[in-house]
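Below is one structure, written out as structure tokens, with a few remarks after it.
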Amino acid sequence: MERYLVKVSGRVQGVGFRYFVQSTAGLNQITGTVENCEDGTVRIEVQGEDDNINKFLYEIRKGNTFVHIDEMVTKKIEIIDKERKFKIKY
22 MERYLVKVSG RVQGVGFRYF VQSTAGLNQI TGTVENCEDG TVRIEVQGED DNINKFLYEI
82 RKGNTFVHID EMVTKKIEII DKERKFKIKY
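101 is the number that our numbering gives to position 80 of the sequence shown; each next residue is one higher, with no gaps.
Right, here's the structure in full:
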């Protein structure tokens, strides 16, 4: 079990990216959060098994029709033991 902070820049706000991230997390048994930041980036915290996180990050990097990723920076962070869901923060 691992947890990462992922900072994503590009065309990631106002295009449904947070919902795409939440849906992709559900398909990969990932818990965590996603939120828009004031600087135009999106902040994601993901927790799960390494293989699932790698699949999740691959799908996020691919994006969709509306999303364009310029940069994704990941950093390992502390696990949250009792987390059970993936949530969009507003």
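Think of the CB as a built atom: it goes at the ideal place given N, C-alpha and C, for glycine as much as any other residue.
**Prompt:** So, helix, strand or coil for Val42, using DSSP?
**Reply:** For Val42, the three-state secondary structure derived from DSSP is helix.
**Asked** To which residues of the same chain is Glu92 closer than 6 Å at the C-beta, ignoring the five residues directly before and after it?
**Response** Ser30
**Prompt:** Is it right to say Val63 is buried, meaning 16 or more other beta carbons lie within 10 angstroms of its own, or is it exposed?
**Reply:** Answer is buried; the Cβ neighbour count reaches 16.
**Alpha-carbon spacing of Glu59 relative to Thr45, whole angstroms** = 23 Å
**Prompt:** To the nearest angstrom, how far is it from the Cα of Thr86 to the Cα of Gly37?
**Reply:** 10 Å
**Asked** For the beta strand (DSSP E) that contains Arg28, what are its first and last residues?
**Response** Per the sequence shown, the amino acid found at residue 28 is Lys instead of Arg. Here the beta strand (DSSP E) through Lys28 covers Glu23 to Arg32.
**Asked** From this set, Ile98, Lys110, Lys83 and Lys96, which residue's C-alpha is nearest Arg32's C-alpha?
**Response** Lys83
**Request:** May I have the straight-line CA-CA distance separating Ile101 from Gln43, to the nearest angstrom?
**Result:** So the two alpha carbons sit approximately 18 Å from each other.
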